[in-house]
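Residue 170 in the working numbering sits at position 110 of the sequence shown, with consecutive numbering throughout. Positions of the beta carbon are idealized from the N, C-alpha and C atoms, including for glycine.
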Amino acid sequence: MRSASLCDPQCFKLRAAFVVSTAPQSLAVNSVRMALISIEDLAGLDDEQVDDEIPDSTEPMDEEEQERMYAHWQAVGRTHHVSVPREMRGPIEEMTRRNQSSEREPVPSVTVSRHEKLGEVLYEERVYPPGKWACVSKADMLYEQSISNAFMKLMRFICKENSTGRYLGMSVPIVNEITMAEDGTNFMKDVLTAYYLPAEFQARPPEPSDPDIRIIQRDAIRVIARVFYGTTTEETISRQISILWELLGSSEDVLRDRYMVAVYENPGVPQRRNEIWFIRRGS
């Protein structure tokens, strides 16, 4: 296992993000609402259809339910121009059955300060302590393809394709790291998708069966986080980056060549919760 600032030069190159906002409030561990993460977006599928497709049960699915759920994921995959292989049926069933279970947990963080206007939180500063993450790097033609294919690998790792042979449990958010091209407006093809190992496995991380997955120790990071809702495409993320820069103004303390997108919600949730993260230099 290697040590890196987040995921080394090819994995999470995370540093800190900081902005002077309102006076720091007393430190408190940030609790986030936990939810199943799968392929992020469902453009082209209406929410009512999705809600009907996803059963809320801890009981194993029968063959008909499993096929129906696999067909649903195939439809989701098509919206991202990816193919969902049949070997994903087991992980899909596992994560769907555990959608309401207590095995999901938030990535630990401490809220340092919050910037508000007229009672609305515009952005906040958080510190994420050191921890171990499972990382996959993909460089497909589209951003949506990269995050979808990377997360399918992480799903299989979470759902028993690891040295323990156990379901590891879900943590949120799933984090996608974006590197900007030299023009400062377009994304580089390589996208990193990362899953924080639940507390039970932080001391002794299970080994992935897939050689594309790396377990990395990351240092503490400090980010500026702004919530947004809906789909996460290159277009919508670029818009959120622009909005947050407008709010911050000029700042030399914040990276301009790397951003992160934190994803919290099940794709069946209307107006899904996401965050854009800016990263502070030098941490």
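Item                                                                                                                                                                     : Value
List the residues that DSSP assigns as beta-bridge partners of Ala135.                                                                                                   : Paired residue(s): none; Ala135 is not in a bridge.
Which residue comes first and which comes last in the beta strand (DSSP E) that contains Phe338?                                                                         : 333-339
With a Cβ-Cβ cutoff of 8 Å, do Leu182 and Arg282 count as a contact?                                                                                                     : no
Going straight from the alpha carbon of Cys219 to that of Trp305, what length do you get?                                                                                : 38 Å
Going by CA-CA distance only, name the one from Thr239, Asp272, Ser310 that's closest to Ser298.                                                                         : Thr239
Would you call Tyr203 buried or exposed, if buried means 16 or more other Cβ atoms sit within 10 Å of its Cβ?                                                            : buried
I need the DSSP call for Thr296, collapsed to helix, strand or coil.                                                                                                     : helix
Could you give the distance in angstroms between the alpha-carbon of Pro145 and the alpha-carbon of Glu242?                                                              : 35 Å
Just to confirm before moving on: does the CB-CB distance between Val252 and Ala194 stay below 8 Å?                                                                      : Looking at the sequence itself, residue 252 is Leu, so the reference to Val does not match. Taking 8 Å as the Cβ cut-off, Leu252 and Ala194 do not qualify as a contacting pair.
Evaluate Tyr289 with the Cβ neighbour count: other Cβ atoms within 10 Å of its Cβ, from every protein chain shown; 16 or more gives buried, anything less gives exposed. : exposed
Thinking C-beta only, is Ser143 closer than 8 Å to Gly150?                                                                                                               : no
Using alpha carbons as the reference points, say which of Leu308, Met212, Lys249, Ile284 lies closest to Asp272.                                                         : Met212
Is Val187 near Ala210, with beta carbons less than 8 Å apart?                                                                                                            : no
On the three-state DSSP scale, how would you describe Met148?                                                                                                            : helix
What three-state label does DSSP hand Tyr289 in the structure shown?                                                                                                     : strand
Going by DSSP, what residue range makes up the beta strand (DSSP E) through Ala210?                                                                                      : Careful: Ala210 lies outside any beta strand (DSSP E), inside the alpha helix (DSSP H) at 203-218.
Put Tyr319 into one of helix, strand or coil per three-state DSSP.                                                                                                       : strand
Spell out the partners DSSP gives Met240 in its beta bridges.                                                                                                            : Phe247
Which class does Thr156 belong to by DSSP, given the choice of helix, strand or coil?                                                                                    : helix
Taking DSSP as the reference, what is the three-state secondary structure of Glu325?                                                                                     : coil
Any heavy atom of the ligand ADP closer than 7 Å to the Cβ of Pro145?                                                                                                    : Of ligands this structure carries none, so the ligand ADP is not represented either.
Excluding five sequence neighbours on each side, which residues of the same chain lie with their C-beta closer than 6 Å to the C-beta of Arg158?                         : none
What does the alpha-carbon distance come out to for the pair Glu154 and Met201?                                                                                          : 29 Å
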